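For the sequence shown, counting from 1, position 24 maps to 23 in numbering that gives the first Met the number 0; every step adds exactly one.
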Amino acid sequence: MLKGLGGLGDMAGMMKKAQDMQAKMLELQEELSRTVVVGESGAGLVKARVTSMGAVTGLDIDPSILVASEKEVVEDLIIAAIKDAQTKAQTRSQQEMAKLTESMGLPAGMKLPF
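Following this line, the structure appears as structure tokens:
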């Protein structure tokens, strides 16, 4: 603590740490928005690409399942692939958040505001 400033020296240090944390969180958000995970269903017949922030960016469907009489099956496979990708994205995001909080000396399991 700086002499003559009372608790202001501690406050300045806390503000600096808060600014550093905010910058690291923004950096992580940008990284997660660029990180893509792939979910699949139907033994790989349908694959969905999703960013680690949860945005669907692509869908690959094996043409062999595109039969009019199987429309409902295809729809179910698409939904299952998207859900699988979103689950993987959420897991990835949580892992990266845990790394960030740990690197900053914050308690394990602390939730960050995104």
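Every residue, glycine too, gets a C-beta built ideally from N, C-alpha and C.
Predicted model only: the values in this text are computed from it and were never measured.
> Are Q85 and V35 closer than 8 Å when you measure CB to CB?
Replying inline: no
>> Need the endpoints of the alpha helix (DSSP H) that A60 sits in, please.
In response: Going by the sequence as given, residue 60 is Ile instead of Ala. Run containing I60: none in the alpha helix (DSSP H); it sits in the beta strand (DSSP E), 55-60.
>> Quick check on this structure: which residue in M13, L27, L31, K15 has the alpha carbon closest to the alpha carbon of K87?
In response: Relative to K87, the option among M13, L27, L31, K15 whose CA is nearest is L31.
> Which residue or residues does DSSP assign as beta-bridge partners of K87?
Replying inline: For K87, DSSP records no beta bridge to any residue.
> In chain order, which continuous runs of the beta strand (DSSP E) of length 3 or greater are located wholly inside the stretch 15-43?
Replying inline: 35-40
> Thinking just about the alpha-carbon of each residue, which of K15, A11, L25 is nearest to the one in L99?
Replying inline: Ranking K15, A11, L25 by Cα distance to L99 puts L25 first.
> How many Å lie between L27 and L44 at the Cα?
Replying inline: 32 Å
> Secondary structure at V49, three-state DSSP: helix, strand or coil?
Replying inline: Shown here, V49 sits in a strand according to DSSP, grouped into three states.
> Any idea what DSSP makes of L105, helix, strand or coil?
Replying inline: coil
>> Once the 5 residues before and after V66 are set aside, which same chain residues still bring their CB inside 6 Å of it?
In response: Nothing meets the Cβ criterion.
>> On the CB-based measure, 16 or more other CB atoms within 10 Å of its CB, does M0 come out buried or exposed?
In response: Note that M0 scores a pLDDT of 47, beneath 50, so its modelled location is shaky and nothing firm can be said.
> E39 and D83 look like a contact to me (Cβ under 8 Å); what is the Cβ gap, rounded to whole Å?
Replying inline: 6 Å
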